[in-house]
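Numbering (this note's numbering), first residue to last: 214 to 985.
Written as structure tokens, this is what we have:
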């Protein structure tokens, strides 16, 4: 079954969607008001938030601790360095807590007068993390620190405190590496001087005691490679010691053994060791060439390979450093310093290992050198090594001092934070706008959902969409204006034969007659629900039949709620259908003439109220009575019970030749109507068609007032006003649902009203005229 919001092609009708929203405009307005009211309530209780921002320029730590050559040459390579690591330190717990410690929390209060130092949960880095925002300007060193808080003074002061604390933090980190180097060098230089002095004294004593000053040329050549390895090993040991000093300055970091157990680290170490081993072989070949005064014995391809090996070691060193950084659970700057020192140590230890292996291979050559000359050579080599190390340490000390003195403030304040005057949230205009828009959207959505789920028939198109192709639409009947001062105030065709409403009934009657006028017919007037107006439809089309000369019998088949006698304002009670079927009362004593001026319209009322109506209609005598009456009358029109009492309806349909379905605009439901049509499929009854009762025809659908002026049907002013009340000029955007429900309730009250006229005397046409 199609939904009223979807047309035959299952396409959404946007005009119908708009109409649905308009019909429920008061609900949409109400939701709009509620949404705005809630937004106002939120704004009333919401705590305003202020923002204060400070803009700083950050100098990378690598620039603060640049190399000696950079300081001497005035290089500014550091100015283009990335500051990603430095920015990450801004929201570190250490920096947030340091900035809090700079403030006097007793001087700040909430709007309730509670001091910041008296919070149940004290302020900490965790609670402040969500209030601090750090942003950078692309391709620059500018950083903007924004603090949000309910206190504008606290937001301002904390933003400035963060900048100060941040500068101190970066400076401490930059100085830490150089201070460690200075401490190491200050401790190592005295030791080296002492070792140099001792080596020099030992050499002099050995020369005096053994009366030897130099080794022979042959011994010098034999000891050349051995001495070279000793000289190469010494600075590597110093490098390991320096790296150890830096590593030991960090506590709680991953150990070297754990690092070297990593599979990726093991693979990198193997590659580094392989490259170092090949480089060492090339260096020893060059050493032999130097002893014979040759410049180099390496060809161009070997020299190219030598260069590539050194570049490969640099690349592997960077990869190892990056891998160690990822393994260290610390801030980026500390992890970077630790990883560099650890990588340097690992690389130096690998090379020392290779040198020791190569030195073992030279033991055979040492045996050809006299013992005294070998000892002299070792002492001379030690003096040379310690002397060179002394010079190297002094250079490193001077460089470290220059680095330390070059470290200055890493943060330059560009714009200090100021106390904000206006809160940044809540944004009143935006919240009210969004709330209003949300209220309207929710209202429209709810209106569309309600319309989608509203299964009532409202328009002629709604009826035609639901009708099977073999069932015609007979017509529509307008919303009637009740007039209690009329004797038959439900029979429009009788009271106002020339009225517009009367013409609608006559149109339906004519359509029924047109179908087949050559045979006698039993017509059941049915409805899917009760109080739809089927009795009014039945009576008016029957009157129309009678006015055209047909002999018509009305049968009140709705035994649970019989209404025909009340409809015609007939006095008292007497025999009827129940009595004729159950008690064999002569049918002549049951049939009435409801309208004294219309001789060919008769009524067979309900009679005695049965306890079980379905039993009466299931009697064979009921069928017998109708067969007899069918021989007398041209039309027998039965007021059938609604679909709610399906068993009784089926009994009536089984004795009927035709049926008319009545729908009430705005009341009848599509699901029930479908059930009614399915009920007909169980019988042989012919469905003449469907009529829509109580319909408000909208003037904009066709021509104004159906193509005629109001005066076409009547000249009376009152009647013209009646027609105006029927033909509504409200267009498609009418509040039809509410109006239909209202009129339906009025009709329910109308059923209980009584005519102002006296009751009509019961007239028995067959007894009075002696007809049988």
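In this text, a Cβ means the ideal position worked out from N, Cα and C, and glycines have one as well. Keep in mind the model is a prediction, meaning the values are calculated, not measured.
Just list the residues that DSSP pairs residue i with in beta bridges.
{"i": "residue 908", "result": "691"}
{"i": "residue 269", "result": "356 and 626"}
{"i": "residue 877", "result": "906"}
{"i": "residue 322", "result": "328"}
{"i": "residue 739", "result": "874"}
{"i": "residue 263", "result": "362"}
{"i": "residue 900", "result": "872"}
{"i": "residue 973", "result": "783"}
{"i": "residue 686", "result": "903"}
{"i": "residue 734", "result": "848"}
Whole angstroms are fine: how far does the CA of residue j sit from the CA of residue i?
{"i": "residue 591", "j": "residue 527", "result": "33 Å"}
{"i": "residue 991", "j": "residue 680", "result": "Nothing in the structure corresponds to residue 991, since the chain is present only between 214 and 985."}
{"i": "residue 980", "j": "residue 722", "result": "30 Å"}
{"i": "residue 442", "j": "residue 427", "result": "20 Å"}
{"i": "residue 560", "j": "residue 589", "result": "32 Å"}
{"i": "residue 877", "j": "residue 254", "result": "45 Å"}
{"i": "residue 289", "j": "residue 349", "result": "Here residue 289 scores only 40 on pLDDT, less than 50, and its place in the model should not be relied on; the value that follows carries that caveat. Straight-line Cα distance between these residues: approximately 21 Å."}
{"i": "residue 404", "j": "residue 368", "result": "54 Å"}
{"i": "residue 227", "j": "residue 235", "result": "12 Å"}
{"i": "residue 339", "j": "residue 568", "result": "52 Å"}
{"i": "residue 213", "j": "residue 303", "result": "With the chain running from 214 to 985 in the structure shown, residue 213 is simply not present."}
{"i": "residue 450", "j": "residue 311", "result": "39 Å"}
{"i": "residue 256", "j": "residue 322", "result": "21 Å"}
{"i": "residue 792", "j": "residue 848", "result": "22 Å"}
{"i": "residue 482", "j": "residue 628", "result": "49 Å"}
{"i": "residue 488", "j": "residue 614", "result": "34 Å"}
{"i": "residue 643", "j": "residue 334", "result": "32 Å"}
{"i": "residue 391", "j": "residue 500", "result": "36 Å"}
{"i": "residue 862", "j": "residue 656", "result": "42 Å"}
{"i": "residue 217", "j": "residue 650", "result": "No answer about residue 217 holds up, because its pLDDT of 39 lies below 50 and its placement is not dependable."}
{"i": "residue 889", "j": "residue 259", "result": "58 Å"}
{"i": "residue 725", "j": "residue 238", "result": "41 Å"}
{"i": "residue 297", "j": "residue 271", "result": "10 Å"}
{"i": "residue 739", "j": "residue 775", "result": "14 Å"}
{"i": "residue 781", "j": "residue 658", "result": "48 Å"}
{"i": "residue 667", "j": "residue 748", "result": "26 Å"}
{"i": "residue 950", "j": "residue 818", "result": "35 Å"}
{"i": "residue 243", "j": "residue 972", "result": "50 Å"}
{"i": "residue 958", "j": "residue 673", "result": "22 Å"}
Would you say residue i and residue j are within 8 Å of each other, going by their C-beta atoms?
{"i": "residue 750", "j": "residue 838", "result": "no"}
{"i": "residue 869", "j": "residue 684", "result": "no"}
{"i": "residue 493", "j": "residue 571", "result": "yes"}
{"i": "residue 991", "j": "residue 807", "result": "Here the chain has residues from 214 to 985 only, and residue 991 is not among them."}
{"i": "residue 765", "j": "residue 813", "result": "yes"}
{"i": "residue 790", "j": "residue 768", "result": "yes"}
{"i": "residue 374", "j": "residue 623", "result": "no"}
{"i": "residue 347", "j": "residue 360", "result": "no"}
{"i": "residue 896", "j": "residue 866", "result": "yes"}
{"i": "residue 344", "j": "residue 319", "result": "no"}
{"i": "residue 456", "j": "residue 630", "result": "no"}
{"i": "residue 773", "j": "residue 854", "result": "yes"}
{"i": "residue 459", "j": "residue 543", "result": "no"}
{"i": "residue 880", "j": "residue 745", "result": "yes"}
{"i": "residue 601", "j": "residue 453", "result": "no"}
{"i": "residue 382", "j": "residue 307", "result": "yes"}
{"i": "residue 864", "j": "residue 842", "result": "no"}
{"i": "residue 743", "j": "residue 857", "result": "yes"}
{"i": "residue 263", "j": "residue 637", "result": "yes"}
{"i": "residue 777", "j": "residue 811", "result": "no"}
{"i": "residue 728", "j": "residue 714", "result": "no"}
{"i": "residue 444", "j": "residue 598", "result": "yes"}
{"i": "residue 626", "j": "residue 358", "result": "no"}
Write down the C-beta distance between residue i and residue j rounded to the nearest angstrom, noting that I regard them as a contact closer than 8 Å.
{"i": "residue 648", "j": "residue 251", "result": "7 Å"}
{"i": "residue 249", "j": "residue 652", "result": "6 Å"}
{"i": "residue 686", "j": "residue 850", "result": "The pair is not a contact, with the Cβ atoms about 20 Å apart (cut-off 8 Å)."}
Using a Cβ-based criterion (distance less than 7 Å to any ligand heavy atom), does residue i qualify as near the ligand NAD?
{"i": "residue 232", "result": "No copy of the ligand NAD occurs in the structure displayed, which carries no ligand at all."}
Write down every uninterrupted run of the beta strand (DSSP E) in the stretch 764-798 whose length is 3 residues or greater and which is fully enclosed by it, in chain order. 765-769
Alpha helix (DSSP H) runs contained entirely in the stretch 462-498, provided each spans 4 or more residues: 469-473
Which ranges does the alpha helix (DSSP H) cover as unbroken runs of at least 4 residues, wholly within the stretch 580-616, from first to last along the chain? With a minimum length of 4 residues, no continuous alpha helix (DSSP H) run stays inside the stretch 580-616.
Alpha helix (DSSP H) runs contained entirely in the stretch 326-414, provided each spans 4 or more residues: 338-342
Along the chain, which unbroken stretches of the alpha helix (DSSP H) at least 4 residues long are found entirely within the stretch 798-884? 826-831, 833-845 and 859-867
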